[in-house]
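S.K.:
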Amino acid sequence: MPRDFLKGARDRYDVVVIGAGLAGLTAANTLGRAGRSVLLLEQHYKLGGMATWFKRPGGHIFDISLHGFPYGMVKSCRRYWTAEIADSIVQLKGIRFDNPMFSLTTTFNREDFSKLLIERFQIQPQVVNEFFDAARGMNFYDDQQATTRELFDRFFPGREDVIRLLMEPITYANGSTLEDPAISYGIVFSNFMSKGVFTFQGGTDRLIQLMEAELRRNGVDVRINANVERIDCTGGRVRSVTVNGRTIEAGAVLSNANLKHTIFSLVGEQHFDRSFVDDARAVRLNNSSTQVYMALKADDLLDESTGDLLFSSTAPVFRTELLLSRNITSRTYSFYYPRTRPQGRPRCLIVSSTNARYEDWAHLPEEEYQASKRDLCETTLDALDKYVPNVRQRVDHVEASTPRTFQHYTQHLAGASFGTKFEGLAVSRAIPQQIQGLYHAGSVGIIMSGWLGAMNYGVIVANEVDNGLMKLSTD
Ligand SMILES: Cc1cc2nc3c(=O)[nH]c(=O)nc-3n(C[C@H](O)[C@H](O)[C@H](O)COP(=O)(O)OP(=O)(O)OC[C@H]3O[C@@H](n4cnc5c(N)ncnc54)[C@H](O)[C@@H]3O)c2cc1C
1214 MPRDFLKGAR
1224 DRYDVVVIGA
1234 GLAGLTAANT
1244 LGRAGRSVLL
1254 LEQHYKLGGM
1264 ATWFKRPGGH
1274 IFDISLHGFP
1284 YGMVKSCRRY
1294 WTAEIADSIV
1304 QLKGIRFDNP
1314 MFSLTTTFNR
1324 EDFSKLLIER
1334 FQIQPQVVNE
1344 FFDAARGMNF
1354 YDDQQATTRE
1364 LFDRFFPGRE
1374 DVIRLLMEPI
1384 TYANGSTLED
1394 PAISYGIVFS
1404 NFMSKGVFTF
1414 QGGTDRLIQL
1424 MEAELRRNGV
1434 DVRINANVER
1444 IDCTGGRVRS
1454 VTVNGRTIEA
1464 GAVLSNANLK
1474 HTIFSLVGEQ
1484 HFDRSFVDDA
1494 RAVRLNNSST
1504 QVYMALKADD
1514 LLDESTGDLL
1524 FSSTAPVFRT
1534 ELLLSRNITS
1544 RTYSFYYPRT
1554 RPQGRPRCLI
1564 VSSTNARYED
1574 WAHLPEEEYQ
1584 ASKRDLCETT
1594 LDALDKYVPN
1604 VRQRVDHVEA
1614 STPRTFQHYT
1624 QHLAGASFGT
1634 KFEGLAVSRA
1644 IPQQIQGLYH
1654 AGSVGIIMSG
1664 WLGAMNYGVI
1674 VANEVDNGLM
1684 KLSTD
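Take the sequence shown: its position 204, counting from 1, is numbered 1417 in the numbering used here, and each next residue is one higher.
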């Protein structure tokens, strides 16, 4: 008989959270702490969603999305998780750029970037200051029509090199492009510029383990291998979810699954207004990624001057098209030294990431797909040799993932690494007005994505769920 992953689960909870990505985990924890009975359902056999890792023979552990996040994570983890989690966040100080326009190393904060822009790129100090202030002053209620390209043209007309310095890391950090609203750039850029780029000491596996322990302490009922097939709504109100063939009732349902998947597959468009459905259909998904995971043989140590994050490109200029093309010219390398996971034999790992389009990989016949993955590994090793000499002789394990891999493990439509484009946020926020008791939290709209954005969005929505339940009980 197949194992019952819902054994002992109750028939009703105050809240059912669908999906254990960082938004779902943080929302469930917030609601558990608030004294709500919470059931957290995750379809995969691991918690974390895109914040995940995998192990390979030889003791190698690869992180998928632990490349860098802003300092704000410290505050969010301390407030919404535990001091132990917050205290494990450390700065990555070696951020490198190498492209035909410039090669440099930076700590990636306002002070160092201002110095670079003024001394190396010869921009007037006043312009640099005004640019930083304009980026920092942006908020959600600002004009959302101006594009990032227009913002740059205002401050640095004709300076493709400056645009590249300012934009390349943010494109990598949240998938935004020059064509996206300037606000999606300004907020994320300013978040990073406040103090630099940070990581989690101990790796994603340790983070998720600590989060799971905290969820259980707060009484959250956590279930893996629990695939929600349907969110059941009648009379304009959410009633229950159907999971692994069982119906579980809930006062509120918070979906951390992909926004469009939630609306069109889990709920069904017949439950929403026509104009809402039109808006939801028009939401564009963000792009996806390919990655190549490389482990050096145990005890083969990389020199730390190699850097922590390296934005490399052979393209003469910075263009969205070039970043997404299957003919790869840009790779962002994350170098993981033994300090990432100090236990066990010293190991160095490298993950190369490149933005990618789902359509370029989705329909390849199996043989061609496998050949393309091999080619991705080979060309990446060729490119990496410039920074890690003799890398082919030094690697113990190499493998690749594609947009198909991300879709497979998280059910995120088109394997979108950062959820939806900007317009997804308004649709996500409007769901509770459409169906009472139904909420969505997760990567939408660039600002609410990435580790920090997803986590904070989870808290915002959890508080709304709590208020909604309170109101319901007093009505
Ligand atoms: C390659 C890559 C690199 C990245 N690098 C960074 C980085 O360096 N810094 C950074 O800040 N961010 C990075 N990100 C982005 C970041 O990881 C994500 O934005 C964030 O983790 C998303 O969290 P989320 O809560 O929105 O949901 P997700 O992580 O997408 O989780 C959603 C969860 O819902 C589950 N689910 C879906 N449908 C169902 C269902 N029907 N029933 C039950 N469960 C369901 C999924 O299995 C999944 O666990 C990266 C992402 C990728 C892919």
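All residues carry an ideal CB built from backbone N, CA and C; glycine is no exception. Just so it is clear, the structure is predicted and the values come from calculations on it, not from any experiment.
Starting from the C-beta of V1496, find all residues in its chain whose C-beta is less than 6 Å away, skip the five residues before and the five after it, and write them out in chain order.
M.R.: Walking along the sequence shown from the start, residue 1496 turns up at place 283. Cβ neighbours of V1496 beyond the five flanking positions: T1633, E1636, G1637, V1640.
S.K.: What residues in its chain sit with their C-beta under 7 Å from that of I1400, if we drop five residues either side in the sequence?
M.R.: Against the sequence shown, residue 1400 aligns to sequence position 187. Same-chain partners within the cutoff: M1351, I1660.
S.K.: Mind checking whether E1442 and T1455 have CB atoms under 7 Å apart?
M.R.: Here residue 1442 refers to the residue found at position 229 when the sequence shown is read from its first residue. Here residue 1455 refers to the residue found at position 242 when the sequence shown is read from its first residue. Against a cut-off of 7 Å, the Cβ pair of T1455 and E1442 comes out as a contact.
S.K.: Within its chain, find whatever has a CB closer than 8 Å to the CB of T1360; leave out the 5 residues flanking it on each side and keep chain order.
M.R.: Numbered from 1 along the sequence shown, position 147 holds the residue referred to as residue 1360. L1391, E1392, D1393, P1394, A1395.
S.K.: From S1518 to Q1358, what does the alpha carbon distance come to, in whole angstroms?
M.R.: Stepping through the sequence shown from its first residue, residue 1518 is reached at position 305. Stepping through the sequence shown from its first residue, residue 1358 is reached at position 145. In a straight line, the C-alpha of S1518 is about 41 Å away from that of Q1358.
S.K.: Work out the CA separation of Q1304 and K1268 for me, nearest whole Å.
M.R.: Taking the first residue of the sequence shown as 1, we reach residue 1268 at position 55. Taking the first residue of the sequence shown as 1, we reach residue 1304 at position 91. Using only the alpha carbons, I get a separation of about 25 Å.
S.K.: DSSP state of M1406, grouped into three classes?
M.R.: The residue you call residue 1406 lines up with position 193 of the sequence shown. Of the three classes helix, strand and coil, the one that applies to M1406 here is helix, per DSSP.
S.K.: D1224 to L1253, Cα distance in whole Å?
M.R.: On the sequence shown, residue 1224 is found 11 positions in, with the first residue counted as 1. On the sequence shown, residue 1253 is found 40 positions in, with the first residue counted as 1. Spanning the two alpha carbons is a distance of roughly 14 Å.
S.K.: Among R1450, M1668, Y1284, L1523, whose alpha-carbon lies nearest the alpha-carbon of S1565?
M.R.: Position 352 of the sequence shown holds residue 1565. Answer by Cα proximity: L1523.
S.K.: I'd like to know if the region 1281-1294 and the region 1658-1677 are in contact, where contact means that at least 3 CB-CB pairs between them fall below 8 Å.
M.R.: Counting Cβ pairs under 8 Å, three or more are found: they touch.
S.K.: Can you round the beta-carbon distance between F1411 and Q1647 to whole angstroms, since I take them to be within the 8 Å contact cut?
M.R.: As a first step, residue 1411 must be located in the sequence shown, where it is residue number 198. As a first step, residue 1647 must be located in the sequence shown, where it is residue number 434. Not really, about 37 Å apart at Cβ, beyond 8 Å.
S.K.: Pop quiz: I1324 and R1436 are said to be a contact at Cβ under 8 Å. What is the actual Cβ separation, rounded to whole angstroms?
M.R.: The residue given as residue 1324 occupies position 111 in the sequence shown. The residue given as residue 1436 occupies position 223 in the sequence shown. One point to set straight first is that residue 1324 is Glu, not Ile, in the sequence displayed. Wrong, their Cβ atoms sit about 46 Å apart, outside the cutoff.
S.K.: Can you tell me the Cα-Cα spacing of R1494 and R1487, whole angstroms?
M.R.: Here residue 1494 refers to the residue found at position 281 when the sequence shown is read from its first residue. Here residue 1487 refers to the residue found at position 274 when the sequence shown is read from its first residue. Looking at the two C-alpha atoms, the distance is approximately 11 Å.
S.K.: When we look at the beta-carbon of S1614 and count the other beta-carbons within 10 Å, is it buried (16 or more) or exposed?
M.R.: As a working note, residue 1614 is residue 401 in the sequence shown. S1614 is buried by the Cβ-count criterion.
S.K.: Answer with buried or exposed for L1514, where buried requires no fewer than 16 other C-beta atoms within 10 angstroms of its C-beta.
M.R.: Residue mapping note: residue 1514 aligns to position 301 of the sequence shown, counting from 1. Exposed.
S.K.: On the DSSP letters alone, give me the boundaries of the beta strand (DSSP E) that T1447 sits inside.
M.R.: As a working mapping, residue 1447 is identified with position 234 in the sequence shown. Start and end: 1441-1447.
S.K.: Is there contact here, the region 1676-1688 with the region 1287-1298, by at least three beta-carbon pairs under 8 Å?
M.R.: Touching, no.
S.K.: Can you tell which of Y1546, R1367, R1570 has the C-alpha that lies nearest to the C-alpha of V1601?
M.R.: Mapped onto the sequence shown, residue 1601 falls at position 388. The candidate whose alpha carbon is nearest that of V1601 is Y1546.
S.K.: Apart from the five residues on each side of it in sequence, which residues of its chain come closer than 7 Å, Cβ to Cβ, to L1589?
M.R.: Sequence index remark: in the sequence shown, residue 1589 carries index 376 (1-based). Taken in chain order, the residues that qualify are T1503, V1505, A1613.
S.K.: Using the Cβ count rule (16 or more neighbours within 10 Å means buried), how would you classify E1381?
M.R.: Numbered from 1 along the sequence shown, position 168 holds the residue referred to as residue 1381. With 16 or more other Cβ atoms within 10 Å, it is buried.
S.K.: Just to confirm the assignment, what range does the beta strand (DSSP E) spanning Q1504 have?
M.R.: Stepping through the sequence shown from its first residue, residue 1504 is reached at position 291. From DSSP, the beta strand (DSSP E) with Q1504 extends over 1501-1509.
S.K.: Start and end of the beta strand (DSSP E) containing V1303?
M.R.: In the sequence shown, counting from the first residue as 1, residue 1303 sits at position 90. Where V1303 is concerned, the enclosing beta strand (DSSP E) stretches over 1302-1305.
S.K.: Reducing DSSP to helix, strand and coil, say where A1359 ends up.
M.R.: In the sequence shown, residue 1359 corresponds to position 146, counting from 1. DSSP places A1359 in coil when its eight states are reduced to three.
S.K.: Using a Cβ-based criterion (distance less than 6 Å to any ligand heavy atom), does S1662 qualify as near ligand 2?
M.R.: Questions concerning ligand 2 fall outside what the structure shown contains, since the ligands it does hold are ligand 1.
S.K.: Within 10 angstroms of the Cβ of Q1606, are there 16 or more other Cβ atoms? Answer buried if so, exposed if not.
M.R.: Taking the first residue of the sequence shown as 1, we reach residue 1606 at position 393. Q1606 comes out exposed.
S.K.: Work out the CA separation of P1616 and A1362 for me, nearest whole Å.
M.R.: In the sequence shown, the residue the question calls residue 1362 occupies position 149. In the sequence shown, the residue the question calls residue 1616 occupies position 403. Residue identity differs from the one stated: residue 1362 is Arg in this sequence, not Ala. Approximately 27 Å, taken between the alpha carbons.
S.K.: In chain order, which beta strand (DSSP E) runs of at least 3 residues are fully inside the region 1274-1336?
M.R.: You should have 1302-1305, 1308-1311, 1316-1319.
S.K.: Can you list, in chain order, the residues of its chain whose CB lies under 8 Å from that of S1407, leaving out five sequence neighbours each side?
M.R.: Here residue 1407 refers to the residue found at position 194 when the sequence shown is read from its first residue. Excluding residues within five positions, the ones whose Cβ falls inside 8 Å are P1283, Y1284, G1285, N1322, R1323.
S.K.: Which residues share a DSSP beta bridge with E1612?
M.R.: Residue mapping note: residue 1612 aligns to position 399 of the sequence shown, counting from 1. Answer by DSSP bridge pairing, in chain order: Y1506.
S.K.: With a Cβ-Cβ cutoff of 7 Å, do Y1293 and L1467 count as a contact?
M.R.: Locating residue 1293 in the sequence shown gives position 80, counting from the first residue. Locating residue 1467 in the sequence shown gives position 254, counting from the first residue. The answer is no: Cβ separation not under 7 Å.
S.K.: Using only CA atoms, which one of R1349, D1374, R1291 lies nearest to L1329?
M.R.: Reading the sequence shown from its first residue, position 116 is the one you call residue 1329. It is D1374.
S.K.: Going straight from the alpha carbon of T1384 to that of G1557, what length do you get?
M.R.: Counted from its first residue, the sequence shown places residue 1384 at position 171. Counted from its first residue, the sequence shown places residue 1557 at position 344. Computed Cα separation, rounded: 35 Å.
S.K.: Closest by CA to K1510, which one among D1492, V1611, L1498?
M.R.: Your numbering for residue 1510 matches position 297 in the sequence shown. For the residues D1492, V1611, L1498, the minimum Cα distance to K1510 belongs to V1611.
S.K.: Hey, out of R1642, Y1622, E1677, A1627, whose CA is closest to G1234's CA?
M.R.: Counted from its first residue, the sequence shown places residue 1234 at position 21. The shortest C-alpha separation from G1234 is found at Y1622.
S.K.: So is D1217 buried or exposed if we call it buried at 16+ other beta carbons inside 10 Å?
M.R.: Taking the sequence shown and counting its residues from 1, the one referred to as residue 1217 is at position 4. Exposed, by the Cβ-count rule.
S.K.: Going by alpha carbons, who is nearest to V1674 out of G1650, S1686, D1688?
M.R.: Position 461 of the sequence shown holds residue 1674. Per the Cα distances, G1650.
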